[in-house]
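Below is one structure, written out as structure tokens; comments come after it.
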Amino acid sequence: MDMNTVTDLVPTADPADWREGDAWLAGGTVLFSYGSQTLRRLLDVTTAGWPALTVTDEGLEIAATCTVAELYAFPEAAASEPVRDAWLALDLVRPCCDAFVASFKIWNTSTVGGNVATSLPAGPMTSLTAALDGVAEVWGPGGARRTQPVAELVTGEMRNTLAPGELLRAIRLAAAALRARTAYRRLSLSNLGRSGVLLIGRLDAPADGGELVITVTASTRRPVQLRFPDGAHPDAAGLAAAIDAAIPFDLYHDDVHGLPEWRRDMTYRLAEEIRAELTDGGRR
Ligand SMILES: Cc1cc2nc3c(=O)[nH]c(=O)nc-3n(C[C@H](O)[C@H](O)[C@H](O)COP(=O)(O)OP(=O)(O)OC[C@H]3O[C@@H](n4cnc5c(N)ncnc54)[C@H](O)[C@@H]3O)c2cc1C
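Note that our numbering has the sequence shown beginning at 7, numbered continuously upward.
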């Protein structure tokens, strides 16, 4: 696509350099496919040199510039680490990357931060990081720093809480969420189609509180989380009632990848499958 109003490519990840008419450039797979008639400069954050994935005592830090390919390779790369056995939720990484139905070129350039910042309902990096209670670190002009759960940062279709000039620096996943048992369900209208419904369930270990968390993405315009503390895990009827309360009909997404009625019905069905798998040992 044409971007013939752009005059400069600036290698920086410093919000102090941002001015009106600028856009942060990561993999460029959205910016260069949508084009622009207004942008003047692209600020290339991939030059920042941030390590893609960092294991810490607290959990896993994913740099905004981590590519989908780097994230996909991580569970295998970490296989010899003790964390691999402890972090059961790493099983989600590959299906979430696979949900990103993309060409080889896109896979190797598009970034976790670019996906979350684009905030499509079918953003699989939003699904993954929201489901694991990922917390985004955001840098603002003037040295401002703030954090916000990814599930709250994405507020609607291509809408989020990032103010002009704010930069998504990283997303942190806590070790407790990574230790959880998980269940993943995804539906698309076609074999290689974009996600129409993507639900992830997480059952935290008893020592981590035993909470059951079901995160609904793709079928809704923004992530929706259903949380049930240990001792209050729902039965099928309780789960359906919780979905009724959390997702009004107009929150279901409506585009060529699925009618809202279908997304709603599949949300109930897949949520119940996840509930049964994680809390009833697979019985339904
Ligand atoms: C064939 C194809 C298939 C695709 N399939 C999917 C799909 O299934 N699901 C999906 O969600 N998307 C899909 N996309 C869209 C896109 O590729 C992804 O959303 C991708 O992850 C965007 O990442 P990027 O690094 O390329 O972002 P960029 O194009 O570099 O940036 C996208 C937007 O995010 C902003 N941005 C980037 N990084 C940051 C940051 N660190 N802080 C703040 N703002 C930032 C940019 O300014 C821009 O507005 C697809 C695209 C193509 C071409």
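Virtual Cβ for every residue (Gly too), placed ideally from N, Cα, C.
Discussion item. What would DSSP say about V233, mapped onto helix, strand or coil?
Written reply: Against the sequence shown, residue 233 aligns to sequence position 227. Val is not the amino acid found at residue 233; the sequence shown has Arg there. Residue state, collapsed to three classes: strand.
Worksheet item: Any idea if L198 is buried or exposed, counting beta-carbon neighbours within 10 angstroms, 16 or more meaning buried?
Response: In the sequence shown, counting from the first residue as 1, residue 198 sits at position 192. Result: exposed.
Worksheet item: Taking the alpha-carbon positions, what's the L205 to D8 distance?
Response: Here residue 205 refers to the residue found at position 199 of the sequence shown. Here residue 8 refers to the residue found at position 2 of the sequence shown. Here the C-alpha atom of L205 lies approximately 36 Å from the C-alpha atom of D8.
Worksheet item: alpha helix (DSSP H) containing W145: first to last residue?
Response: Here residue 145 refers to the residue found at position 139 of the sequence shown. In the DSSP annotation of this structure, W145 is not part of any alpha helix (DSSP H); the continuous beta strand (DSSP E) holding it starts and ends at V141 to W145.
Fill in: Where D91 falls, given that 16 or more other Cβ within 10 Å makes a residue buried
Taking the sequence shown and counting its residues from 1, one reaches residue 91 at position 85. Around the beta-carbon of D91, fewer than 16 other beta-carbon atoms lie within 10 Å, marking it exposed.
Worksheet entry | Rounded C-alpha distance that separates L209 from S196 | Residue 209 sits at position 203 when you count from the first residue of the sequence shown. Residue 196 sits at position 190 when you count from the first residue of the sequence shown. Straight-line spacing of the CA atoms in L209 and S196 works out to 30 Å.
Worksheet entry | Which of helix, strand or coil DSSP assigns to V74 | Here residue 74 is taken as the residue at index 68 of the sequence shown, counted from 1. DSSP places V74 within a helical segment (H, G or I) once states are collapsed to three.
Worksheet item: What do you reckon, are the CB atoms on L126 and C103 nearer than 8 Å?
Response: As a first step, residue 126 is located in the sequence shown; it is residue number 120 there, counting from the start. As a first step, residue 103 is located in the sequence shown; it is residue number 97 there, counting from the start. In this structure, the beta-carbon distance from L126 to C103 does not fall below 8 Å.
Item to complete: Inspect the beta-carbon positions of A181 and A157 and report whether they are closer than 8 Å.
Response: Locating residue 181 in the sequence shown gives position 175, where the first residue counts as 1. Locating residue 157 in the sequence shown gives position 151, where the first residue counts as 1. Not closer than 8 Å, so no.
Worksheet item: Can you tell which of T285, T226 and A246 has the C-alpha that lies nearest to the C-alpha of Y258?
Response: Stepping through the sequence shown from its first residue, residue 258 is reached at position 252. Comparing Cα-Cα distances from Y258 to each of T285, T226 and A246, the minimum goes to T226.
Worksheet item: Quick one: is the Cβ of A128 within less than 7 Å of any heavy atom of ligand 3?
Response: You won't find ligand 3 in this model; what it holds is ligand 1.
Worksheet item: What is the rounded straight-line gap between the Cα of P254 and the Cα of P170?
Response: For the purposes of this step, residue 254 is identified with residue 248 of the sequence shown, where counting begins at 1. For the purposes of this step, residue 170 is identified with residue 164 of the sequence shown, where counting begins at 1. Their backbone Cα atoms lie some 30 Å apart in a straight line.
Worksheet item: Less than 8 Å separating the beta-carbons of G27 and T53?
Response: Reading the sequence shown from its first residue, position 21 is the one you call residue 27. Reading the sequence shown from its first residue, position 47 is the one you call residue 53. The Cβ-Cβ distance between G27 and T53 does not fall below 8 Å.
Item to complete: With distances taken Cα to Cα, identify the nearest neighbour of I220 among P21, H239 and G41.
Response: Your numbering for residue 220 matches position 214 in the sequence shown. Ranked by Cα distance from I220, the options P21, H239 and G41 are led by H239.
Worksheet entry | Cβ contact check for the region 172-180 and the region 107-127: 3 or more pairs under 8 Å | Output reads yes: the region 107-127 touches the region 172-180.
Worksheet item: What is the rounded straight-line gap between the Cα of W145 and the Cα of P235?
Response: Within the sequence shown, the letter at position 139 stands for residue 145. Within the sequence shown, the letter at position 229 stands for residue 235. Cα to Cα, the separation comes out at about 33 Å.
Item to complete: State buried or exposed for Y40, treating a residue as buried only when at least 16 other CB atoms are found within 10 Å of its CB.
Response: The sequence position of residue 40 within the sequence shown is 34, counting from 1. Per the 10 Å Cβ criterion, exposed.
Worksheet item: If you follow the beta strand (DSSP E) that R191 is part of, which residue opens it and which one closes it?
Response: For the purposes of this step, residue 191 is taken as residue 185 along the sequence shown, with counting starting at 1. Counting along the chain, the unbroken beta strand (DSSP E) around R191 starts and ends at R187 to L193.
Practice prompt. Please go through the same chain and pick out, in chain order, the residues whose beta-carbon is closer than 6 Å to the beta-carbon of A108, but skip the five residues on each side of it.
Written response: For the purposes of this step, residue 108 is taken as the residue at position 102 of the sequence shown. Excluding sequence positions up to five before and after A108, its CB lies less than 6 Å from no other CB in the same chain.
Worksheet item: For the alpha helix (DSSP H) that contains A105, what are its first and last residues?
Response: What you label residue 105 is simply residue 99 of the sequence shown in a count that begins at 1. Following the DSSP letters along the chain, one finds A105 inside the alpha helix (DSSP H) bounded by residues V99 to A105.
Worksheet item: Is T115 near ligand 1, in the sense that its beta carbon is under 7 Å from a heavy atom of that ligand?
Response: The residue given as residue 115 occupies position 109 in the sequence shown. Indeed, a heavy atom of ligand 1 lies less than 7 Å from the Cβ.
Worksheet item: Under a three-way DSSP split, which group does V203 fall into?
Response: Taking the first residue of the sequence shown as position 1, residue 203 is located at position 197. Reduced to three states, the DSSP call for V203 is strand.
Practice prompt. Determine the direct distance from the alpha carbon of V222 to that of A189, and round the result to whole angstroms.
Written response: In the sequence shown, counting from the first residue as 1, residue 189 sits at position 183. In the sequence shown, counting from the first residue as 1, residue 222 sits at position 216. CA-to-CA, the gap between A189 and V222 works out to about 12 Å.
Worksheet entry | DSSP bridge partner residues for G264 (one or two, in chain order) | As a working mapping, residue 264 is identified with position 258 in the sequence shown. DSSP lists D261 as the beta-bridge partner residues of G264.
Practice prompt. With a floor of 3 residues, list each beta strand (DSSP E) that falls wholly inside the region 27-60, ordered by position along the chain.
Written response: Counting whole runs of 3 or more residues, the region 27-60 contains the beta strand (DSSP E) stretches 28-31 and 47-50.
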